[in-house]
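Asks: So that we are looking at the same thing, I have put the structure below in structure tokens.
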Amino acid sequence: MTRESTPLSLPPELLDAVRRIAGTERLLVAMDFDGTISPIVDRAGDARPLGRSAAAFAGLAKLPRTTTALISGRALASLRAVASPPDATLLIGSHGAEAWLGPGSVGLQLDDAQRTLLAEVREVLDGISREAPGTVLEDKPAGVVLHTRLAADDVAEDAVAAARAVLDGWPGVYLKDGKRVLETSVVHSSKGEAVEFLRQATGATAILFAGDDLTDEDAIASLRTGDVGVKVGLDFTQAEFRVEAPVHVAELLESLLRERRLEISRDTFHM
1068 MTRESTPLSL
1078 PPELLDAVRR
1088 IAGTERLLVA
1098 MDFDGTISPI
1108 VDRAGDARPL
1118 GRSAAAFAGL
1128 AKLPRTTTAL
1138 ISGRALASLR
1148 AVASPPDATL
1158 LIGSHGAEAW
1168 LGPGSVGLQL
1178 DDAQRTLLAE
1188 VREVLDGISR
1198 EAPGTVLEDK
1208 PAGVVLHTRL
1218 AADDVAEDAV
1228 AAARAVLDGW
1238 PGVYLKDGKR
1248 VLETSVVHSS
1258 KGEAVEFLRQ
1268 ATGATAILFA
1278 GDDLTDEDAI
1288 ASLRTGDVGV
1298 KVGLDFTQAE
1308 FRVEAPVHVA
1318 ELLESLLRER
1328 RLEISRDTFH
1338 M
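In structure tokens, the structure reads:
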């Protein structure tokens, strides 16, 4: 029996919160992807959702008065490629700079000044990466990411420090630290703003959000009374609840699917 299929046990307090939120009128299930639905991998293109998580997430997407969303630091194209999300799932990429709410959604458009600035940022990071073995760059529609996961610790630290020394304070350039990455963008955005945007767009009466990274703390901080925030991993968090790893997220989503189905069936029976 693999670890993914091994029965686990969520904290009783989290299970109680799942039962409570499953009864809300309009539920938004918003999830980070890397490190949450998918385990962290060395190469971003190799990430895939755990089978149990993907199945439960797809089940939630089919339920009435229930919306699923992925909120990721990835560019939308990358998120679609690795996550293979259900058709009805809303997508937020680039930490909120990109949004897809269905057919007809307008893609991110940079103005001339932003495009010029982005090229200058890339030139800076390219020079640093060439001198830092194991670091690689990832281009996004509004930014460039310096990945250091494959670099030695001292090389990674020096590369990030060098990038910050040049780019900190540049007008119109926004920096975010993540797990072995430095994110740069010429568009101001955050996962917290993305959660608020989705709350308004979907009319959600309660939100369940789970994430593992530093940038997910913005989303967790934006949650309101009645919402449920879950930290994945052992790092510091503002979240009320915590699970250890993506395999526990699979159990969380399965529990939510089970409880939400029960609530929907009760509502249908009493109509």
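Taking our numbering, I'd label the letters of the sequence shown as residues 1068 to 1338.
Glycine included, C-beta positions come from ideal geometry on N, C-alpha and C.
Every value quoted in this text rests on a predicted model; they were computed, and no experiment measured them.
For Val1310 and Arg1115, what's the separation of their Cα atoms in angstroms?
Replies: Near 19 Å, if we compare the C-alpha coordinates of Arg1115 and Val1310.
Asks: Please classify Arg1327 as buried or exposed, where buried requires at least 16 neighbouring CB atoms within 10 angstroms.
Replies: Buried.
Asks: Please tell me whether Ser1120 and Val1316 are closer than 9 Å, where the distance is taken between their beta carbons.
Replies: It is a contact, given that the beta carbons lie within the stated cut-off.
Asks: For Thr1133 and Leu1184, I'd like the C-alpha separation in whole angstroms.
Replies: Cα to Cα, the separation comes out at about 40 Å.
Asks: Tell me which residue opens and which closes the beta strand (DSSP E) that Asp1309 is part of.
Replies: The sequence given here places Arg at residue 1309; Asp does not occur at that position. Element bounds for Arg1309: Phe1308 to Val1310.
Asks: Closer than 8 Å by C-beta to Arg1266: which residues in its own chain qualify, once you throw out the five before and the five after it? Chain order, please.
Replies: Contacts found: Leu1095 and Ile1274.
Asks: Could you give the residue range of the beta strand (DSSP E) that holds Lys1298?
Replies: Here the beta strand (DSSP E) through Lys1298 covers Val1295 to Val1299.
Asks: How many Å lie between Lys1129 and Arg1147 at the Cα?
Replies: One C-alpha to the other measures close to 18 Å.
Asks: Anyone know if the C-beta pair for Lys1246 and Leu1301 falls short of 9 Å?
Replies: Contact flag unset, no.
Asks: Jot down the residue ranges of each uninterrupted alpha helix (DSSP H) in the region 1208-1257, minimum 4 residues, whole runs only, in chain order.
Replies: 1220-1234, all fully within the region 1208-1257.
Asks: Please determine, among Leu1324, Leu1082 and Asp1225, the residue with the shortest C-alpha to C-alpha distance to Ile1192.
Replies: Contrary to the premise, residue 1192 reads as Leu rather than Ile in this sequence. The candidate whose alpha carbon is nearest that of Leu1192 is Asp1225.
Asks: With C-beta atoms as the reference, is Val1299 less than 9 Å away from Asp1285?
Replies: No, the Cβ-Cβ distance between Val1299 and Asp1285 is not below 9 Å.
Asks: Given a threshold of 16 other Cβ atoms within 10 Å of its Cβ, counted over all protein chains shown, does Ile1199 qualify as buried or as exposed?
Replies: Note on identity: in this sequence residue 1199 is Ala, with Ile being the wrong assignment. Its Cβ being crowded by 16 or more others within 10 Å, Ala1199 is buried.
Asks: Considering Val1096, what are the terminal residues of the beta strand (DSSP E) in which it resides?
Replies: Per DSSP, Val1096 belongs to the beta strand (DSSP E) from Leu1094 to Met1098.
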